[in-house]
Amino acid sequence: MILRFIFLLITFTFTISAYANPTPRMTLTPKASTHQFPFFESKTPVWSYNDQIPGPTIRAKEGSTILVDVLNQLDEPTSVHWHGLRIDNAMDGVPGVTQDPIQPGSRFTYRLKLQEAGTFWYHPHFNAGEQLERGLKGVLIVDERNKLPWTQDLIWFIDDWRLLEDGTIYPHFNTHHDLMHDGRWGNAITVNGQVKPEIKASPGERIRLRIINGANARIFSHKIEGLEAKVIAVDGRPVSNQFVYENYPLSPGNRVYLDITIPNDANGKTYFVEDQFTRRNFTLGSIIVENN
């Protein structure tokens, strides 16, 4: 009788624990949708996850496991690859290698064991030259177990788009010209789907800025005019020796973490983030400092 009572107690406790700590589950739905660029009056036809450009940011703690259901509402097969994430090979999202393509109208569940903190991103590995360029990209953040000293933990997902004057995406992908040169370069740059976004900060704040190059071929090389930013990690791995972020080449798929401290006397100042890789510099965004 006592043994049976102990067995029932253990079973009940385990059940309560399982329900109290269920595995987080979310859905990504790749589909045709639209996105508003500031250059055009009408919206641009794109492909997106959950009607968002970029796709929804997935965020979870180091050491946790999450389930991601992918429901394909495209008219062609797709998959999701988790760029930079060390996971079970069966979950890596490479059709013909680790899984069959997810057919239109079908669903596939990815089980991701998040063993390392870091900044990662997700995108298709089926017809990737077109699906990525039409907008199928998003960010996955694995947060550290311990609280860190930053007052803001921000993401900049940088992309470029090749747009036509009528507001549509140039419909030819993997052209001979692109393949013979250095890939498909766009003519419109976005950060988190926006053009020249602004970061609001206060004097004395310490910010971690996670920058991801989600472009197909374009290399970026930034500088924050008048403000020192230190590189503390590259592709999710802490650097041995921190260094100043100035004209550091960020290739497609690469990630870099910046540690930025806003000076105490910076109230009212604006710091512009300039890209200097091409012959003509351009502004990616800015940091605007104001007292709260």
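If you use this note's numbering, the sequence shown corresponds to residues 70 to 361, in order.
Beta carbons are placed, not taken as given, at the ideal position from N, Cα and C, and that holds for glycine.
The structure displayed is predicted, hence computed values, not measured ones.
A contact between stretches requires three or more CB pairs, one per stretch, nearer than 8 angstroms, and the segment 128-143 meets this requirement with the segment 90-97. Shortest Cα-Cα distance from F189 to any of S320, I280, V308, L232 involves I280.
N316 sits in a strand when the DSSP states are folded into three classes. If only uninterrupted beta strand (DSSP E) runs of at least 3 residues are considered, those enclosed by the segment 158-197 are 176-182, 187-192. Taking a cut-off of 8 angstroms on C-beta distances, the segment 160-168 does not touch the segment 116-133, as fewer than three cross pairs fall below it. If you draw a 10 Å sphere on the C-beta of S148, you find 16 or more other C-beta atoms in it, and that means buried.
In the DSSP assignment, the residues bridged to H150 are H192. Closest in alpha carbon position to Y326, among K299, H241, N256, is K299. Judged by DSSP secondary structure, D138 falls within the beta strand (DSSP E) whose first and last residues are 134-140. Its Cα nearest to that of E213, the residue E131 stands out among R306, E131, V115. Bounds of the alpha helix (DSSP H) holding D247 are 245-249.
For D228 against A284, the beta-carbon gap comes to about 6 angstroms, under 8 angstroms, which counts as contact.
E199 sits in a helix when the DSSP states are folded into three classes. H245 counts as exposed, since fewer than 16 other beta carbons sit within 10 angstroms of its beta carbon. With contacts defined by Cβ atoms closer than 7 angstroms, N310 and Q345 do not form a contacting pair.
Counting C-beta pairs with one atom in each stretch, the segment 167-176 and the segment 104-116 have fewer than three that are closer than 8 angstroms, which means they do not touch. For T352, the enclosing beta strand (DSSP E) has its first and last residue at 351-358. In the structure shown, N361 falls within a coil segment according to DSSP collapsed to helix, strand and coil.
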